[in-house]
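Here the sequence shown is numbered in the working numbering, starting from 538 and rising by one per residue.
Heads up, the beta-carbon is just placed ideally off N, CA and C, and yes, glycines get one too.
Please read the structure below before turning to the comments.
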Amino acid sequence: MDRQLLEPSQMDGQLTYRFDTTGRRVALLPARCKLGRHTLGHSQFRAVVHDGEAHISCLACATDTPDHFWRLTATAPAPDRAELSEELYLDLVQSRSRAALSSKDRQHD
Numbered sequence: 538m539d540r541q542l543l544e545p546s547q548m549d550g551q552l553t554y555r556f557d558t559t560g561r562r563v564a565l566l567p568a569r570c571k572l573g574r575h576t577l578g579h580s581q582f583r584a585v586v587h588d589g590e591a592h593i594s595c596l597a598c599a600t601d602t603p604d605h606f607w608r609l610t611a612t613a614p615a616p617d618r619a620e621l622s623e624e625l626y627l628d629l630v631q632s633r634s635r636a637a638l639s640s641k642d643r644q645h646d
């Protein structure tokens, strides 16, 4: 069995929050899947906060690769509400896309 499939992926970053007009915390989730293929507002996804980690999984990508979900450090208890944010996690999506492209280039050498 491939050992890489058994090991969890590295943390991708930190979950970001904002406060609404009533002072309640709102989690801001990445608007794109970790692989950059899907906009989560148009695809089915699942978000779970547990033991200080938020896992945001694109269900369309779940069958493609074991490293399909975002792993974000959660510094607060899970809020009752969440929103999608394209801007906050854009750097993470772009850096993953660049890393994937450079990895493909190295495989072709």
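- For C595, the enclosing beta strand (DSSP E) covers residues E590 to C595.
- Inter-residue distance for Q631 and C570 is about 12 Å (C-alpha atoms, whole angstroms).
- If the five residues before and after V563 are omitted, its C-beta is found closer than 8 Å to the C-beta atoms of Y554, R555, F556, D557, P616, R618, A619 and E620, all from its own chain and listed in chain order.
- Taken atom to atom, the span from the alpha-carbon of Q551 to that of A613 is near 11 Å.
- Beyond the five residues adjoining it in sequence on each side, Q547 comes within less than 8 Å, by CB distance, of R608 in the same chain, given in chain order.
- Counting C-beta atoms within 10 angstroms of its own C-beta, L627 has fewer than 16 neighbours from the protein chains shown and is therefore classed as exposed.
- A straight-line Cα-Cα distance of about 8 Å links C598 and L572.
- The DSSP-derived three-state label of S632 is helix.
- Non-local beta-carbon contacts of A584 in its own chain, meaning distances under 8 Å to residues more than five positions away in sequence, involve A564, L566, A591, H592, I593, S594 and A619 in chain order.
- Sequence-distant Cβ neighbours of S580 in its own chain, meaning closer than 8 Å and more than five residues away, are C570, C595, L596 and A597.
- Inter-residue distance for H587 and E624 is about 24 Å (C-alpha atoms, whole angstroms).
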